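Note sheet for the following structure.
Residue numbers (the working numbering), protein chains in the order written: chain A, 1213 to 1434; chain B, 37 to 150.
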């Protein structure tokens, strides 16, 4: 069995769960809703590297529920017509450093949102810690801007980051990532959406898409 | 409960940052694979360049009036440098007036290194 095939076999387990559209987290079934316009990644041999590195990178900090990407871009990526996917995302369940799914027994979504908002002063510290970990994993010295808490609504809260990359021809590309965090069935879940921009980033547009994805997810799990 | 909240925030940030870098790494790896070069070298180059673009260089204390003029003219004619404009917009939370002011600041910092 080749290494590539082995990876595919391992990650097929994730894919089967996602196809069933339900995952069980500490005994609670969570309905998986992939945002509109995106298709599930991880269920094709060409995605193996993406899934492997994602799992390796995040370690115990989160459990991957589903990876997804813009449908057309994913198709082209699989056919080797493009090297990089510009629009992608994930749904993740937050865990303790030991890999235990975080559980908020008796806590409502509104309380969870309020508690995290109240601790927004901790965001820069958390961001620095995450950045330090990224530096251990990624060569070079990546610098990323913390955009902080962008918005909150009744479904969740949203924070973001921005990174400007230069390719080998000197052209600039801006990557914006928005993470939406929510509580469903006492489990802390995040939906991350990323977009690469060749020109001015449309942060508001990405945030709107994120809020819409979060609303659909929460509605399906109420 | 407070401790668990902090863990949730920490885990959220770790995933957001790491996955972004991982996907970029995968893209660079695929480019390198096609080009037959070492992905690590290309990845390091790109990430180093990113650092320069974002951080800028500390002010040397010299006045750069012509750079301010250039940045101001770019802003007036709306021929924005995309990196400076993106950073300004991000830090102004989308507010145009504030973003324009920040654009001048960031663009001048960038021009100092050109």
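C-beta: ideal position from N, C-alpha, C; glycine also. Remember, it's a predicted structure, so these values are computed and weren't measured experimentally.
Could you compute how far the alpha carbon of residue i sits from the alpha carbon of residue j?
i, j, result
"residue 1243 of chain A", "residue 1321 of chain A", "16 Å"
"residue 1265 of chain A", "residue 51 of chain B", "12 Å"
"residue 112 of chain B", "residue 146 of chain B", "18 Å"
"residue 1295 of chain A", "residue 38 of chain B", "42 Å"
"residue 1280 of chain A", "residue 106 of chain B", "42 Å"
"residue 1395 of chain A", "residue 1335 of chain A", "18 Å"
"residue 134 of chain B", "residue 128 of chain B", "6 Å"
"residue 1307 of chain A", "residue 148 of chain B", "44 Å"
"residue 1259 of chain A", "residue 1288 of chain A", "12 Å"
"residue 1299 of chain A", "residue 1418 of chain A", "10 Å"
"residue 1235 of chain A", "residue 40 of chain B", "22 Å"
"residue 1319 of chain A", "residue 1398 of chain A", "7 Å"
"residue 1227 of chain A", "residue 1254 of chain A", "Confidence at residue 1227 of chain A is low in this model, with a pLDDT of 40, below 50, so its placement is unreliable and the value that follows should be read with caution. For residue 1227 of chain A and residue 1254 of chain A, the distance between alpha carbons rounds to 6 Å."
"residue 1309 of chain A", "residue 1263 of chain A", "20 Å"
"residue 117 of chain B", "residue 49 of chain B", "29 Å"
"residue 44 of chain B", "residue 1327 of chain A", "11 Å"
"residue 1301 of chain A", "residue 63 of chain B", "15 Å"
"residue 91 of chain B", "residue 1357 of chain A", "Low local confidence applies: a pLDDT of 33 at residue 91 of chain B is under 50, so the model's placement there is unreliable, with the coordinate-based value given in what follows. Their backbone Cα atoms lie some 9 Å apart in a straight line."
"residue 1432 of chain A", "residue 1373 of chain A", "28 Å"
"residue 126 of chain B", "residue 1342 of chain A", "20 Å"
"residue 61 of chain B", "residue 1283 of chain A", "21 Å"
"residue 1400 of chain A", "residue 136 of chain B", "37 Å"
"residue 1365 of chain A", "residue 150 of chain B", "43 Å"
"residue 1286 of chain A", "residue 1323 of chain A", "37 Å"
"residue 1408 of chain A", "residue 1422 of chain A", "15 Å"
"residue 1250 of chain A", "residue 56 of chain B", "17 Å"
Starting from residue i, find everything on chain A with Cβ-Cβ shorter than 7 Å and list it in chain order.
i, result
"residue 40 of chain B", "1314 and 1316"
"residue 48 of chain B", "1306, 1391, 1393 and 1402"
"residue 135 of chain B", "Simply none; closest approach about 10 Å."
"residue 122 of chain B", "1374, 1376, 1386, 1412 and 1413"
How is the alpha helix (DSSP H) around residue i delimited, first residue to last?
i, result
"residue 1299 of chain A", "That residue, residue 1299 of chain A, is in no alpha helix (DSSP H); its beta strand (DSSP E) goes 1299-1306."
"residue 1420 of chain A", "1415-1432"
"residue 1288 of chain A", "1283-1290"
"residue 119 of chain B", "118-127"
"residue 1265 of chain A", "1260-1270"
"residue 143 of chain B", "132-147"
Identify whether residue i lies in helix, strand or coil by the three-state DSSP scheme.
i, result
"residue 1314 of chain A", "coil"
"residue 1241 of chain A", "strand"
"residue 1357 of chain A", "strand"
"residue 53 of chain B", "helix"
"residue 1246 of chain A", "coil"
"residue 1333 of chain A", "helix"
"residue 1372 of chain A", "strand"
"residue 1233 of chain A", "coil"
"residue 47 of chain B", "helix"
"residue 1254 of chain A", "coil"
"residue 1296 of chain A", "coil"
"residue 1445 of chain A", "Only positions 1213 to 1434 of chain A appear in this structure, which leaves residue 1445 of chain A out of reach."
"residue 151 of chain B", "In this structure chain B extends from 37 to 150, so residue 151 of chain B is not present and cannot be described."
"residue 40 of chain B", "helix"
In chain B, what lies closer than 8 Å to residue i by C-beta?
i, result
"residue 1269 of chain A", "54, 55, 57 and 58"
"residue 1260 of chain A", "In chain order: nothing, as chain B lies at least about 11 Å away."
"residue 1265 of chain A", "58, 61 and 62"
"residue 1437 of chain A", "As shown, chain A starts at 1213 and ends at 1434. That puts residue 1437 of chain A outside it, with no answer to give."
"residue 1339 of chain A", "49 and 53"
"residue 1387 of chain A", "56 and 60"
Give the interface partners of residue i over in chain A, defined as CB-CB distance under 8 Å, in chain order.
i, result
"residue 111 of chain B", "Correct list: empty, because the minimum Cβ distance to chain A is about 13 Å."
"residue 130 of chain B", "1415 and 1416"
"residue 125 of chain B", "1412, 1413 and 1415"
Just reading off the beta strand (DSSP E) that residue i is part of, what are its end residues?
i, result
"residue 1408 of chain A", "1399-1409"
Please list, in chain order, the chain B residues whose beta carbon lies closer than 7 Å to that of residue i.
i, result
"residue 1334 of chain A", "42 and 45"
Going along chain A in order, which residues have a C-beta closer than 9 Å to the C-beta of residue i?
i, result
"residue 138 of chain B", "The premise fails here: residue 138 of chain B is roughly 12 Å from chain A at the closest Cβ pair, so nothing lies under 9 Å."
Along chain B, which residues have their Cβ under 9 Å away from the Cβ of residue i?
i, result
"residue 1345 of chain A", "50, 53 and 54"
How do the region 1406-1416 of chain A and the region 112-124 of chain B stand: do at least 3 beta-carbon pairs fall below 8 Å, yes or no?
-> yes
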